[in-house]
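Engineer: Numbering (this note's numbering), first residue to last: 8 to 299.
We put the beta carbon where it would ideally sit given N, CA and C, even for glycine.
Quick caveat, the model's predicted, so the values are computed rather than measured.
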Ligand code: GUN
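(1) Would the beta-carbon of residue 148 fall within 8 Å of that of residue 180?
(2) May I ask which residues mark the beginning and end of the beta strand (DSSP E) holding residue 196?
(3) Which two residues bound the contiguous beta strand (DSSP E) that contains residue 245?
(4) Mind checking whether the beta-carbon of residue 146 lies closer than 7 Å to any heavy atom of ligand 1?
(5) Tell me, please, whether the stretch 261-275 touches the stretch 288-295 by the rule of three or more beta-carbon pairs shorter than 8 Å.
(6) Please report the straight-line C-alpha distance between residue 20 and residue 284, rounded to a whole angstrom.
(7) Consider the C-beta atom of residue 126 and the heavy atoms of ligand 1; say whether any pair is separated by less than 7 Å.
(8) Considering residue 217, what are the terminal residues of the beta strand (DSSP E) in which it resides?
(9) Any heavy atom of ligand 1 closer than 7 Å to the CB of residue 4?
(10) Let me know the secondary structure DSSP gives residue 71 once reduced to three states.
(11) Beta carbon of residue 104: closer than 7 Å to some heavy atom of ligand 1?
(12) Below 8 Å on the Cβ atoms is my guess for residue 235 versus residue 160; work out the distance and round it to an integer in Å.
(13) Go to residue 271, then tell me how far its beta strand (DSSP E) extends in each direction, as first and last residue.
(14) Between the C-alpha atoms of residue 73 and residue 105, what's the straight-line distance to the nearest angstrom?
(15) Pull up the CB-CB distance for residue 22 and residue 273, whole angstroms please, since I reckon it's below 8 Å.
(16) Residue 102 lies in the beta strand (DSSP E); which residues open and close that run?
Next up, the structure:
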């Protein structure tokens, strides 16, 4: 069993990006600038956005955090989005999800300039991704592709079962792995809460992508020997053993499943760190596009 080490791979990637930023600086080009909009005080969102801003500093990007109150109106948030669209200094930005209930997420995502949409969530970017056109690929699926590629995990002709059809992970993952190219060329089954007899499908899978958000859902009797497992789950579970009072648990019963795997991502330290590295990669791409 080989661990797909997202911490090491993301730190390699960040070094590569930092070198590129240095080259850009020394040739007098503008350096990438990422902005992040955070609404409210959700604990997990605060952690993620903090980590995104810190990662910008690590690779030499400029970053701007726009922290807005929980009770901001949809109209005010749309104004902020319009301001970021018009700001020539900012190459790309993200609006951290989830947003408070009184704000229509789709309305906000639709208002983001697709050329600055480094999350790849705008319908025009999502459509381009499905049509195999050049665009921003959502960071989590993009990170999974990068891990598969760097560890030379073969996807061509394999049966991939994706569990979970979220717009951020499951759905784009199913599209990306069925596209032409490498990683890709797989036969993909996208499963969800209405899927019947899920374990008969996961038992046939060469590669399983778990993006459900239910801790330890995938058990050893649901997978075949030699399977490759990508665990996107990151649920905070209360724990007395951790000083933080919680531990991060994936969608896979790692202890019992890992011995059957050829490759598996750990949680934490698998997909999570890759997501941030790929957001940086998309921002670098946006910056380069803006200079051409
Ligand atoms: N919430 C959880 N994951 C993400 C992400 O990748 N981007 C944004 N904007 N919000 C998220």
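Structural biologist: On the basis of the data shown:
(1) Yes; because the gap between Cβ atoms is below 8 Å, this pair is in contact.
(2) Going by DSSP, residue 196 is part of the beta strand (DSSP E) stretching over 194-198.
(3) 242-245
(4) Checking the Cβ of residue 146 against ligand 1 gives yes.
(5) no
(6) Whole-angstrom Cα-Cα distance: 7 Å.
(7) Yes, the Cβ of residue 126 comes within 7 Å of a heavy atom of ligand 1.
(8) 214-217
(9) Nothing in the structure corresponds to residue 4, since the chain is present only between 8 and 299.
(10) strand
(11) yes
(12) 6 Å
(13) 268-271
(14) 15 Å
(15) Their Cβ separation, rounded to whole angstroms, is 21 Å, which puts residue 22 and residue 273 out of contact at 8 Å.
(16) First-last of the beta strand (DSSP E) with residue 102: 99-102.
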